[in-house]
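Visitor: The number in our numbering is simply the position in the sequence shown, starting from 1, with 262 added.
In this text, a Cβ means the ideal position worked out from N, Cα and C, and glycines have one as well.
Here it is, the structure in full.
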Amino acid sequence: GFGNPDYVYWQVGALPNSVVSANLGAGASMMGNIIALRSIVLNDGVTVKGRCASLTAAVTLDRSVITLPATISFKVTQTIVGLSLAQYSADVTRNAATLMEAIAKTMAGIVPSDIKNLKASAGLTSSATTRTIRRMTARALATDSIVLNYDVIASSTATAQDLRNQLKNAVSDGTFNTYLQAAAAERGATSLQSATSDSVETDTIVEEETDSSTSSLSDGGIVGIAIGGFFALLLLGSIVYLCTSKSSSVSVGASQSTTTQEV
Numbered sequence: 263g264f265g266n267p268d269y270v271y272w273q274v275g276a277l278p279n280s281v282v283s284a285n286l287g288a289g290a291s292m293m294g295n296i297i298a299l300r301s302i303v304l305n306d307g308v309t310v311k312g313r314c315a316s317l318t319a320a321v322t323l324d325r326s327v328i329t330l331p332a333t334i335s336f337k338v339t340q341t342i343v344g345l346s347l348a349q350y351s352a353d354v355t356r357n358a359a360t361l362m363e364a365i366a367k368t369m370a371g372i373v374p375s376d377i378k379n380l381k382a383s384a385g386l387t388s389s390a391t392t393r394t395i396r397r398m399t400a401r402a403l404a405t406d407s408i409v410l411n412y413d414v415i416a417s418s419t420a421t422a423q424d425l426r427n428q429l430k431n432a433v434s435d436g437t438f439n440t441y442l443q444a445a446a447a448e449r450g451a452t453s454l455q456s457a458t459s460d461s462v463e464t465d466t467i468v469e470e471e472t473d474s475s476t477s478s479l480s481d482g483g484i485v486g487i488a489i490g491g492f493f494a495l496l497l498l499g500s501i502v503y504l505c506t507s508k509s510s511s512v513s514v515g516a517s518q519s520t521t522t523q524e525v
């Protein structure tokens with residue numbers, strides 16, 4: 263139930279002499295996209311998270327529910343403690359892949375490729391005090407950190423808020439740290455094997471909005487120019503018409519005044 267339907271496909275009728283139609287029993291729950299050579303029958307109460315596509319026949323529904331995954335997105339700012347930006351950058355490809363794997367595991371149906379635009383910057387350096395038994399002296403231990411900024415963009419049947427809550431809970435209860443250390447050990451990312459995270463913030467991704475006032479003024483200006491041009495042409499035509507009429511009147515008058523009548 264927690265998979266991503268975009269990455270699961272069920273193909274029926276691909277092999278010679280194989281079944282060419284799909285028939286889901288009453289009450290069945292299916293995750294993924296069903297592609298059948300012929301018909302697809304969803305019996306009473308079937309739930310499909312994905313798509314149903316028949317190449318040559320029909321898709322029959324009997325009080326069934328098909329949920330098409332929606333594209334969700336949000337941005338994240340997360341602090342990773344235990345390594346410096348220099349250590350991260352020294353093996354940036356491996357470290358980035360390790361972090362993306364750990365992040366993805368905290369959210370249902372999310373895969374590493376759904377983590378987009380990952381960027382790291384230097385975080386604050388915290389200090390802790392330790393005491394030696396023999397000398398009873400205190401010394402400060404500095405701990406470096408990095409700040410990650412990334413986007414989560416995926417097709418999911420879960421809401422963006424659900425996934426944001428899952429990520430926050432995983433960081434809060436230490437589950438993220440478990441995933442991170444396991445991924446670091448598997449990938450050989452030594453600088454991340456003792457790293458942890460206890461701070462994460464999420465926010466919505468807002469599309470860039472065009473300036474409506476500028477757009478309105480621009481449209482208004484275009485309309486004004488068009489109307490002004492129309493009336494300018496109308497005025498010019500009127501002037502030309504009046505001048506032509508006056509010229510004709512003067513010519514006729516002059517002709518009449520110079521004409522003499524012969525007796």
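1) Say whether the region 344-364 touches the region 313-321, bearing in mind that this needs 3 or more beta-carbon pairs closer than 8 angstroms, one atom from each stretch.
2) Measure the C-alpha to C-alpha separation of A290 and L429 and round it to an integer number of angstroms.
3) Given this structure, state the Cα-to-Cα distance separating V310 from L442, to the nearest angstrom.
4) Thinking just about the alpha-carbon of each residue, which of I377, I408, D406 and T458 is nearest to the one in S335?
5) For L380 and G312, what's the separation of their Cα atoms in angstroms?
6) Roughly how many angstroms lie between the CA atoms of I297 and A364, to the nearest whole one?
7) I'd like to confirm the pairing. Which residues does DSSP put opposite E549 in its beta bridges?
8) Please return the same chain residues whose Cβ sits closer than 7 angstroms to the Cβ of T368, not counting the five positions on each side in sequence.
9) Do A445 and T341 have their C-beta atoms within less than 8 angstroms of each other?
10) Which residues does DSSP list as the beta-bridge partners of I297?
11) Once you ignore the five residues that flank A422 on each side, which residues in its own chain have a CB closer than 6 angstroms to its CB?
12) Report buried or exposed for T394, applying the criterion of at least 16 other Cβ atoms within 10 angstroms of its Cβ.
13) On the three-state DSSP scale, how would you describe L425?
14) Per DSSP, which one or two residues make a beta bridge with K381?
15) Whole angstroms is fine: what's the gap from S461's alpha carbon to I372's?
16) Candidates V338, I302, Y271 and S383: which alpha carbon is nearest L317's?
17) Have a look at I328, D465, A384 and N357 and flag the residue whose alpha-carbon is nearest the alpha-carbon of E448.
18) Using C-beta distances below 8 angstroms, list every residue in its chain close to V281, excluding the 5 sequence neighbours before and after it, in chain order.
19) Ordered along the chain, which non-local residues of its own chain (more than five positions away) have a Cβ less than 7 angstroms from that of R426?
20) Over what stretch of residues does the beta strand (DSSP E) that includes L347 continue unbroken?
21) Please identify the residue among T329, L497, D306 and G385 whose C-alpha is closest to the C-alpha of L345.
22) How many whole angstroms separate the CB atoms of N295 and W272, which I take to be in contact at a CB cut-off of 8 angstroms?
23) What three-state label does DSSP hand N285 in the structure shown?
24) Between which two residues does the alpha helix (DSSP H) harbouring L442 extend?
25) Of the residues I415, A420 and L347, which one's Cα is nearest the Cα of P374?
26) Going straight from the alpha carbon of S407 to that of I467, what length do you get?
27) What is the DSSP secondary structure of S478, reduced to helix, strand or coil?
Guide: Taking the definition as stated:
1) no
2) Working through the sequence shown from its first residue, we reach residue 290 at position 28. Working through the sequence shown from its first residue, we reach residue 429 at position 167. Cα-Cα distance, rounded: 30 angstroms.
3) Mapped onto the sequence shown, residue 310 falls at position 48. Mapped onto the sequence shown, residue 442 falls at position 180. In a straight line, the C-alpha of V310 is about 33 angstroms away from that of L442.
4) For the purposes of this step, residue 335 is taken as residue 73 along the sequence shown, with counting starting at 1. If we check each option's Cα against that of S335, I377 comes out closest.
5) Here the question's residue 380 lines up with position 118 in the sequence shown. Here the question's residue 312 lines up with position 50 in the sequence shown. Their Cα atoms are separated by approximately 28 angstroms.
6) The sequence position of residue 297 within the sequence shown is 35, counting from 1. The sequence position of residue 364 within the sequence shown is 102, counting from 1. Going from the Cα of I297 to the Cα of A364 covers about 32 angstroms.
7) What is shown of the chain runs 263 to 525, which leaves residue 549 out entirely.
8) As a first step, residue 368 is located in the sequence shown; it is residue number 106 there, counting from the start. Correct list, in chain order: Q428, L429, A432, T437, F438 and Y441.
9) The count along the sequence shown starts at 1 and reaches residue 445 at position 183. The count along the sequence shown starts at 1 and reaches residue 341 at position 79. No. Outside cutoff.
10) Residue 297 sits at position 35 when you count from the first residue of the sequence shown. Paired residue(s): Q273 and A315.
11) The sequence position of residue 422 within the sequence shown is 160, counting from 1. Closer than 6 angstroms at Cβ, skipping near neighbours: I334 and F336.
12) The residue given as residue 394 occupies position 132 in the sequence shown. Model confidence at T394 stands at a pLDDT of 49, short of 50, so the residue's coordinates are unreliable and nothing is read from them.
13) Counting from 1 along the sequence shown, the entry for residue 425 is found at position 163. Three-state result, L425: helix.
14) The residue given as residue 381 occupies position 119 in the sequence shown. Looking at the DSSP assignment, K381 forms a beta bridge with N411.
15) For the purposes of this step, residue 461 is taken as the residue at position 199 of the sequence shown. For the purposes of this step, residue 372 is taken as the residue at position 110 of the sequence shown. Each residue's Cα considered, the two are about 20 angstroms apart.
16) Counting from 1 along the sequence shown, the entry for residue 317 is found at position 55. Among V338, I302, Y271 and S383, the Cα nearest to that of L317 is on I302.
17) As a first step, residue 448 must be located in the sequence shown, where it is residue number 186. With distances taken between Cα atoms, E448 lies closest to N357.
18) Translated into positions along the sequence shown, residue 281 becomes position 19. Contacts found: V274 and G275.
19) Indexing the sequence shown from 1 puts residue 426 at position 164. Around R426: F336 and T464.
20) The count along the sequence shown starts at 1 and reaches residue 347 at position 85. Element bounds for L347: not the beta strand (DSSP E) but the alpha helix (DSSP H), L347 to A352.
21) Residue mapping note: residue 345 aligns to position 83 of the sequence shown, counting from 1. Taking only the C-alpha atoms, the option nearest L345 is G385.
22) The sequence position of residue 295 within the sequence shown is 33, counting from 1. The sequence position of residue 272 within the sequence shown is 10, counting from 1. About 7 angstroms separates the two Cβ atoms, so the contact holds.
23) The residue labelled residue 285 in the question sits at position 23 within the sequence shown. Strand.
24) On the sequence shown, residue 442 is found 180 positions in, with the first residue counted as 1. That run of the alpha helix (DSSP H) goes T437 to R449.
25) Position 112 of the sequence shown, counted from the first residue, corresponds to residue 374. Checking every option, the nearest Cα to that of P374 belongs to I415.
26) Indexing the sequence shown from 1 puts residue 407 at position 145. Indexing the sequence shown from 1 puts residue 467 at position 205. Near 25 angstroms, if we compare the C-alpha coordinates of I467 and S407.
27) Sequence index remark: in the sequence shown, residue 478 carries index 216 (1-based). Unreliable positioning characterises S478 in this predicted model, as indicated by a pLDDT of 45, which lies under 50. The coordinate reading is nonetheless provided below. Reduced to three states, the DSSP call for S478 is helix.
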